[in-house]
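2 protein chains.
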Amino acid sequence: MMTMKDVAEKAGVSISTVSLVLNNHDAGRVKPQIAAKVRQMAEELGYKPNPMARSLRTSRTGILGFVSEQIQGIPYTSKALQGAQDATSRYGYIILLVDTDGSARQVEQTSTLQRYGVDGFLYSKPSSQVTEVPEELVHSPLVLISTNTVDNRFPIVEPNEFAIGYDATKRLIDSGAKKIAYIGNAKPTITQATRLEGYRRAFKEAGRTFDDRLVVNVGNNDPALEMVSRLFDEQHPDAFFCYDDSRTWYVYECAARRGLTIGKDLSVIGVGNLDFIVDTFTPKLTTIAIPEYEMGYWAACKLISLIEKRSLGPHPFPDELSNLPAIDAASPAKVHCRLIENESVISK
Amino acid sequence: MMTMKDVAEKAGVSISTVSLVLNNHDAGRVKPQIAAKVRQMAEELGYKPNPMARSLRTSRTGILGFVSEQIQGIPYTSKALQGAQDATSRYGYIILLVDTDGSARQVEQTSTLQRYGVDGFLYSKPSSQVTEVPEELVHSPLVLISTNTVDNRFPIVEPNEFAIGYDATKRLIDSGAKKIAYIGNAKPTITQATRLEGYRRAFKEAGRTFDDRLVVNVGNNDPALEMVSRLFDEQHPDAFFCYDDSRTWYVYECAARRGLTIGKDLSVIGVGNLDFIVDTFTPKLTTIAIPEYEMGYWAACKLISLIEKRSLGPHPFPDELSNLPAIDAASPAKVHCRLIENESVISK
DNA sequence: CTGAAAGCGCTAACAT
DNA sequence: ATGTTAGCGCTTTCAG
Numbered sequence: 001m002m003t004m005k006d007v008a009e010k011a012g013v014s015i016s017t018v019s020l021v022l023n024n025h026d027a028g029r030v031k032p033q034i035a036a037k038v039r040q041m042a043e044e045l046g047y048k049p050n051p052m053a054r055s056l057r058t059s060r061t062g063i064l065g066f067v068s069e070q071i072q073g074i075p076y077t078s079k080a081l082q083g084a085q086d087a088t089s090r091y092g093y094i095i096l097l098v099d100t101d102g103s104a105r106q107v108e109q110t111s112t113l114q115r116y117g118v119d120g121f122l123y124s125k126p127s128s129q130v131t132e133v134p135e136e137l138v139h140s141p142l143v144l145i146s147t148n149t150v151d152n153r154f155p156i157v158e159p160n161e162f163a164i165g166y167d168a169t170k171r172l173i174d175s176g177a178k179k180i181a182y183i184g185n186a187k188p189t190i191t192q193a194t195r196l197e198g199y200r201r202a203f204k205e206a207g208r209t210f211d212d213r214l215v216v217n218v219g220n221n222d223p224a225l226e227m228v229s230r231l232f233d234e235q236h237p238d239a240f241f242c243y244d245d246s247r248t249w250y251v252y253e254c255a256a257r258r259g260l261t262i263g264k265d266l267s268v269i270g271v272g273n274l275d276f277i278v279d280t281f282t283p284k285l286t287t288i289a290i291p292e293y294e295m296g297y298w299a300a301c302k303l304i305s306l307i308e309k310r311s312l313g314p315h316p317f318p319d320e321l322s323n324l325p326a327i328d329a330a331s332p333a334k335v336h337c338r339l340i341e342n343e344s345v346i347s348k
Numbered sequence: 349m350m351t352m353k354d355v356a357e358k359a360g361v362s363i364s365t366v367s368l369v370l371n372n373h374d375a376g377r378v379k380p381q382i383a384a385k386v387r388q389m390a391e392e393l394g395y396k397p398n399p400m401a402r403s404l405r406t407s408r409t410g411i412l413g414f415v416s417e418q419i420q421g422i423p424y425t426s427k428a429l430q431g432a433q434d435a436t437s438r439y440g441y442i443i444l445l446v447d448t449d450g451s452a453r454q455v456e457q458t459s460t461l462q463r464y465g466v467d468g469f470l471y472s473k474p475s476s477q478v479t480e481v482p483e484e485l486v487h488s489p490l491v492l493i494s495t496n497t498v499d500n501r502f503p504i505v506e507p508n509e510f511a512i513g514y515d516a517t518k519r520l521i522d523s524g525a526k527k528i529a530y531i532g533n534a535k536p537t538i539t540q541a542t543r544l545e546g547y548r549r550a551f552k553e554a555g556r557t558f559d560d561r562l563v564v565n566v567g568n569n570d571p572a573l574e575m576v577s578r579l580f581d582e583q584h585p586d587a588f589f590c591y592d593d594s595r596t597w598y599v600y601e602c603a604a605r606r607g608l609t610i611g612k613d614l615s616v617i618g619v620g621n622l623d624f625i626v627d628t629f630t631p632k633l634t635t636i637a638i639p640e641y642e643m644g645y646w647a648a649c650k651l652i653s654l655i656e657k658r659s660l661g662p663h664p665f666p667d668e669l670s671n672l673p674a675i676d677a678a679s680p681a682k683v684h685c686r687l688i689e690n691e692s693v694i695s696k
């Protein structure tokens, strides 16, 4: 590994000059020719700064801590992590990972991150429950991913559940469906309530009346399949909006048993990834995936803008994400996630 | 953050003494009482070493680089990452993440990791293809996860596909199934071949003759559902072993259309996570998940043992994993992954 | 047995 | 405009 010393010797200047130049602090301080030479030498030698040494002086590391609390075994956060990773590497940061089970070890692990001098935290918890932000995190810049918190102290990137419900329903309406059922979650989560709101709004805007016989909320221990079966037989819906992969599955199963073909006899839009997991789906099912990747990406951008105390500009996203809003704007409905700014109050 | 200086002052000794003691180099060098006092003070002050500063001297960081190449959007590695993370934090290491698309940026990102002074790499690529190990990685301790490589220079932790095929088939045989079909992959991957071997071996050991009419290999673009349908109607199998979630789905669909109930009329064991995704499965489906978590955990243990040049002992696993083999032993069939030692040849 | 001192690679205030 | 210098927190050799 080349050091500044090597560059300095090769360029025939002192280490401090090199430092000045390579950190772009040379404006009006170092003679342009010298600066150019230094830069060239650095390039030639393939010099890369040693982040450890740098952080020892500056206490800025270019490291972001990604803390995720996983529900046992469910790799919920993985796509958000990937998004965060992409954004992060784009801006020259890197991610230190802590995956915790929320136990006492979390504190320990988080403080480990702190010792490594992370510049800020991303905190992700796959829960629709309202939770508290771990105390250890609130002393650094922090952006939450998809976590409902009791206080509104930190920016949050979260799914736009209303938009999901609205969008799915509207698409079914636009496709010509007459009787659109909603297979929801019996547990009264915020997600459930908000999606249903979106569903109702789409109905309302289309001039249709809401019919609660078309809404079946099933739990995880209910005889769910039977409940959906009954809906089929009593209401004969021609379209379904499903809360998640499980619910989509029930509809699928019921349809198959009745010789009905999805995409022909029935339209189904489910939240989840079932069509992805079962990648050669015949017939066609439409799913709306929670935009985890985008949330991770966005959250990381927000965190970096917080750390560097500057706006990242209107287009911090790679091409595929270009339909995402600018980092500081409200999210349009067509993207199913949004940023809640919450002024970040860092208690030191 | 407390520093050694603080501890030294508080204990009334010099910094070097503190260093000696806290690194356990005090045997016969520091008076036991003094050592005790130092330790106590460190404890009281909550002193934690600064890894950055330490690595500046020792060039050991306690950081492991996790490099994963993702197929676009498939968060395949996430569980392996979680396993690695668990093992890693157990031994006081921490994971720096690089998630790459295999492009030119990979080199850049990997060298970023190198600058952060990672002690070693975990490399994971979700592919049954034979690939080369990225050149940038071979200069550090390296353990591969689930990656078939052209050369055998590095230790690999990989799924034991034979055991999966054998185990699934044997379980179906033991459950009393008469006609066990295999829905495989038309693409002739190593995975496919090895699983089929396991299937055949189980047949052989049970004294049954292999009947290739019961094997249907479907591709991703085939009229897969039709092919499985035909198998149903021509052979009337009473059990299925399925290559992955897609194939399991086909069986499920065909069964539903015929009014057959899995778990009653049919036994199905599929490789994958379908029963997990559709978490309230009715009726019961059995899946064998690729032990990604375990592979990650194991690989990290192996890597650490490589870095520290010591055996981690026979029980490096948490309780839930205690049925996994010792880090240096061959894997028994009951765990569906194995370690291939491959002497690690680090070219400096 | 303990402390002083050098130095890892880098930054930045201070001299020149 | 450039160089000198003093550390950041830690390890380790070498004197005492």
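As you go down the protein sequences, you meet chains X and R in turn.
Here the first sequence stands for residues 1 to 348, numbered as in the working numbering.
Here the second sequence stands for residues 349 to 696, numbered as in the working numbering.
Glycine included, every Cβ here is placed at the ideal spot set by N, Cα and C.
- Taking 8 Å as the CB threshold, residue 78 (chain X) lines the interface with chain R.
- CA-CA distance, residue 242 (chain X) to residue 651 (chain R), rounds to 44 Å.
- Listed in chain order, the non-local C-beta contacts of residue 563 (chain R) below 6 Å within the same chain comprise 530, local neighbours out to five positions each way being set aside.
- DSSP places residue 234 (chain X) outside any beta strand (DSSP E); the residue lies instead in the alpha helix (DSSP H), whose first and last residues are 224-235.
- Put simply, the backbone Cα of residue 445 (chain R) is about 43 Å away from that of residue 614 (chain R).
- A direct Cα-to-Cα measurement between residue 354 (chain R) and residue 398 (chain R) gives close to 13 Å.
- Interface criterion met: the Cβ of residue 398 (chain R) is under 8 Å from a Cβ in chain X.
- For residue 544 (chain R), the CB contacts under 8 Å within the same chain, skipping 5 residues up- and downstream, are 513, 530, 532, 563 in chain order.
- Only residues of its own chain outside the window of five on either side were considered, and among them 62, 64 have a CB closer than 6 Å to the CB of residue 93 (chain X), listed in chain order.
- The C-beta separation of residue 641 (chain R) from residue 428 (chain R) comes to about 7 Å, placing the pair in contact by the 8 Å criterion.
- Nearest CB-CB separation between residue 636 (chain R) and chain X: not below the 8 Å threshold.
- In this structure the region 247-256 of chain X lies against the region 228-235 of chain X, because at least three pairs of beta carbons, one per stretch, are closer than 8 Å.
- Residue environment for residue 473 (chain R): buried (at least 16 other C-beta atoms within 10 angstroms of its C-beta).
- Contact check for residue 484 (chain R) against residue 448 (chain R) fails: the beta carbons are separated by 8 Å or more.
- About 7 Å separates the beta carbons of residue 566 (chain R) and residue 595 (chain R), which is inside the 8 Å limit, making them a contact pair.
- Contact annotation: residue 198 (chain X) and residue 169 (chain X) have beta-carbon atoms nearer than 8 Å.
- Residue range 239-242 is occupied by the beta strand (DSSP E) that includes residue 241 (chain X).
- Contact fails between the region 486-494 of chain R and the region 605-613 of chain R, because fewer than three Cβ pairs, one in each stretch, are under 8 Å apart.
- At a Cβ-Cβ threshold of 8 Å, residue 460 (chain R) and residue 479 (chain R) do not count as neighbours.
- Nearest in C-alpha terms to residue 593 (chain R), of all of R:570, R:586, R:580, R:636, is R:636.
- Chain R places a beta carbon closer than 8 Å to that of residue 112 (chain X), counting this residue as a contact.
- Residue state for residue 473 (chain R) is assigned as strand, using DSSP reduced to three classes.
- For residue 267 (chain X), the enclosing beta strand (DSSP E) covers residues 267-271.
- In the DSSP assignment, residue 159 (chain X) falls within the beta strand (DSSP E) that extends over 156-159.
- Assignment of beta-bridge partners to residue 688 (chain R) by DSSP yields R:504.
- The DSSP-derived three-state label of residue 290 (chain X) is coil.
- In this structure residue 464 (chain R) does not touch residue 415 (chain R) by the C-beta definition: roughly 13 Å separates them, more than the 8 Å allowed.
- Taking each of R:370, R:581, R:507, R:515 in turn and checking the Cα distance to residue 389 (chain R), the smallest one comes out for R:370.
- Going by DSSP, residue 530 (chain R) is part of no alpha helix (DSSP H) but of the beta strand (DSSP E) stretching over 528-533.
- Beta-carbon to beta-carbon, residue 84 (chain X) and residue 296 (chain X) are separated by about 4 Å, close enough to satisfy the 8 Å threshold.
- For the pair residue 106 (chain X) and residue 453 (chain R), the Cα-to-Cα distance works out to about 33 Å.
- With a cutoff of 8 Å on beta-carbon distance, residue 504 (chain R) and residue 688 (chain R) are scored as near each other.
- Annotation: residue 548 (chain R) to residue 522 (chain R) spans about 15 Å, alpha carbon to alpha carbon.
- In the three-state scheme derived from DSSP, where H, G and I count as helix and E and B as strand, residue 296 (chain X) is classed as helix.
- Close partners of residue 435 (chain R) in chain X (Cβ separation under 7 Å) are lacking, with about 11 Å as the shortest Cβ gap.
- Beta bridge pairing from DSSP links residue 412 (chain R) with R:443, R:468.
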